[in-house]
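Chemist:
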Amino acid sequence: MFDCIFCGIAAHKKPAAIIYEDELCVVFRDIKPQAPIHLLVVPRKHIASLNDDLEDDRELLGHMLLVAGRTAKSQGIDGTGFRTVINTNAEAGQSVFHLHIHILGGRKLGWPPG
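Numbered per our numbering, the sequence shown spans residues 284 to 397.
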């Protein structure tokens, strides 16, 4: 996808602090962290949001959740707790229209969010 920052990061054409990658997704540090640990799990395939037709992407979505859990463990926040968030559309806080999972942890997270 032309001009998509996350596609550029996944393709190593844009800089990011990548901490994990495989053939399906990339995990990197958020440039505006909202918690001591704030990472993004981004699929290499461009998907704008959960509003897209995702029937053919079931395995990819499941893989992203597995990667999120494994990444939380590798960052040492699995025991104390972490939050995963997917924002869909602008009013929910989606600012980059490439599906991604936020992993937040490293401090007590309040509820309700936002």
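Note that beta-carbon positions come from the ideal geometry of N, C-alpha and C, so glycine has one too.
This one's a predicted model, so the numbers in the text were calculated from it and none came from an experiment.
Is there contact between the stretch 297 to 314 and the stretch 365 to 373, where contact requires at least three CB pairs shorter than 8 Å?
Modeler: No: fewer than three Cβ pairs fall under 8 Å.
Chemist: Alpha carbons only, please: which of I384, A318, V350 and P395 is nearest the one belonging to L239?
Modeler: Because residue 239 is not part of the residues shown, which for the chain are 284 to 397, the question remains open.
Chemist: Could you name the residues that DSSP lists as bridge partners for V385?
Modeler: Mapped onto the sequence shown, residue 385 falls at position 102. Checking the sequence shown, residue 385 turns out to be His, not Val. In DSSP, H385 forms a bridge with L323 and V368.
Chemist: Express the C-alpha separation of Q377 and N370 in angstroms, rounding to a whole number.
Modeler: On the sequence shown, residue 370 is found 87 positions in, with the first residue counted as 1. On the sequence shown, residue 377 is found 94 positions in, with the first residue counted as 1. Taking the straight line joining both Cα atoms gives about 5 Å.
Chemist: Name the two residues that bound the continuous beta strand (DSSP E) containing F311.
Modeler: Position 28 of the sequence shown, counted from the first residue, corresponds to residue 311. From DSSP, the beta strand (DSSP E) with F311 extends over C308 to R312.
Chemist: Is L337 buried or exposed, if buried means 16 or more other CB atoms sit within 10 Å of its CB?
Modeler: For the purposes of this step, residue 337 is taken as residue 54 along the sequence shown, with counting starting at 1. The residue in question, L337, is exposed, as its Cβ has fewer than 16 Cβ neighbours within 10 Å.
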